[in-house]
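Single-structure report; data block below.
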Amino acid sequence: MPRPVTVADARLGVNQVPHLLGARLLTVSKVESIGPQMARVHLTGEPRDRVGAIPFLPWAAGDHVKLVIPTEDGEVVIPTVVNERANWEETVGSTRAYTIRTVDQITGTLVIDGVLHDHGPAGSWFINAKEGDRVGVMGPRGSHVYPPGYRHYILIGDETALPALGRWLDEPGLNAAVTVITVAEDADAYPFPAPELADVDAHHLVLPSGPERGPALAAELSSTLDASATPESVFVFAAGEAVMLKDVRRALKTAGHPRHAQHIDGYWRAGTVALDHHALEVDED
Ligand SMILES: Cc1cc2nc3c(=O)[nH]c(=O)nc-3n(C[C@H](O)[C@H](O)[C@H](O)COP(=O)(O)OP(=O)(O)OC[C@H]3O[C@@H](n4cnc5c(N)ncnc54)[C@H](O)[C@@H]3O)c2cc1C
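Each residue of the sequence shown is one higher than the last, beginning at 320 in this note's numbering.
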């Protein structure tokens, strides 16, 4: 788990809430194309799986599960959990982190949005996902609950973070100025919801994956911070490719932005298989 954030006033920082570890083998009930490079996969299970009981907290847009992606032969085995510990050695398949986009507690449906790419097992699984496919779902282990009282939120992300940003914008209590700064290869990359109360200003950069992205996002972030009407009350969430985020971290540092008013999470790193974002968070701090 990431290190807890310690702030003088807990309402201003990110709070962590642990959950009992769930292990479920679920079935794809529907696949939708929601963008040129994104599939939305609906997952359901047997009544005993209690999919509707998967923790789905408000203000916890970064919450994620670990998908256990079947092997090329379609084989998938989830680890047993004893005393809150998963026996990962039993796993058959590859485990990768994915944002919990929604949990429908009535129908017992978990929704995950996955980028379509053929560089790894998870990206390829999303390309080929169809009704009836099986996939393992572990977690979530805990929630990062973001502080709701800020007057300006800056949300930054590449393709992999668009589901988390979508979840931010779904938040019924989001009653603030919101600047959404995204980067993707396509102009119409993701169907963002329109929040009822928030005043949203969206900046979408169309850039291929690569070294141009970090400086471009950092420049947008710096000018947004400079222009904020409430500079004393700005919270920044940023997620995506880890090297790209170094520029974002640098821009925040240069601006003297308080550590408790930011959450930056590397979701993948070009050239790295199954990036451990927890280890990264500590290294980069
Ligand atoms: C907390 C968290 C939440 C996340 N939420 C989502 C989500 O909701 N949707 C989503 O799509 N992803 C999400 N990700 C990112 C996802 O876990 C990674 O992209 C993961 O590496 C994909 O696994 P893979 O098996 O396809 O590739 P891996 O086997 O991990 O990597 C193989 C190669 O593919 C490259 N690669 C990995 N991801 C991408 C990519 N997106 N585009 C191009 N190349 C890539 C790697 O750099 C590596 O070279 C999240 C990650 C974290 C940590």
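Note that the Cβ used here is the ideal one computed from N, Cα and C, for glycine as well.
query = Any heavy atom of ligand 1 within a distance shorter than 7 Å of the CB on Glu478?
reply = yes
request  = Could you check if Asp595 is buried or exposed, using at least 16 other CB atoms within 10 Å of its CB as the buried criterion?
outcome  = exposed
inquiry  = With the cut-off set at 8 Å, would you say Gly559 and Asp477 are in Cβ contact?
reply    = yes
query = If you drop the 5 nearest sequence neighbours on each side, which residues of the same chain put their C-beta closer than 7 Å to that of Val592?
reply = Excluding residues within five positions, the ones whose Cβ falls inside 7 Å are Gly439.
ask   = CB of Asp432 to nearest heavy atom of ligand 1: below 7 Å?
value = yes
task = Round the Cβ separation of Ala496 and Ala548 to the nearest angstrom and send it over; I've been treating them as touching at under 8 Å.
result = 7 Å
message = As a quick exercise: from Met563, Pro466 and Pro374, pick the residue whose alpha carbon is nearest that of Leu526.
response = Met563
query = Val384 to Phe375, Cα distance in whole Å?
reply = 11 Å
request  = With a threshold of 7 Å, establish whether the CB of His383 neighbours any heavy atom of ligand 1.
outcome  = yes
query = Going by C-alpha distance, which of Ala546, Ala557 and Asp518 is nearest Leu536?
reply = Considering only alpha carbons, the answer is Ala557.
inquiry  = Could you check whether the Cβ of Pro440 sits closer than 7 Å to any heavy atom belonging to ligand 1?
reply    = yes
task = Assuming Ile353 and Pro510 form a contact by the criterion Cβ under 8 Å, report the distance between their Cβ atoms to the nearest whole angstrom.
result = 6 Å
ask   = Can you name, in chain order, every residue of its own chain whose Cβ lies under 6 Å from the Cβ of Ser413, other than the five neighbours on each side?
value = Ile388 and Pro440
task = Spatial neighbours of Pro459 within its chain, please: CB distance less than 7 Å, with the 5 preceding and 5 following residues excluded, ordered by chain position.
result = Around Pro459: His338, Pro374, Asp382, His383, Val384 and Ile419.
key: Residue interval of the alpha helix (DSSP H) (run including Val567)   = Segment Ala561 to Ala574, the alpha helix (DSSP H) holding Val567.
inquiry  = Taking only three categories from DSSP, how would you classify Leu429?
reply    = Secondary structure at Leu429: strand, using DSSP grouped into helix, strand and coil.
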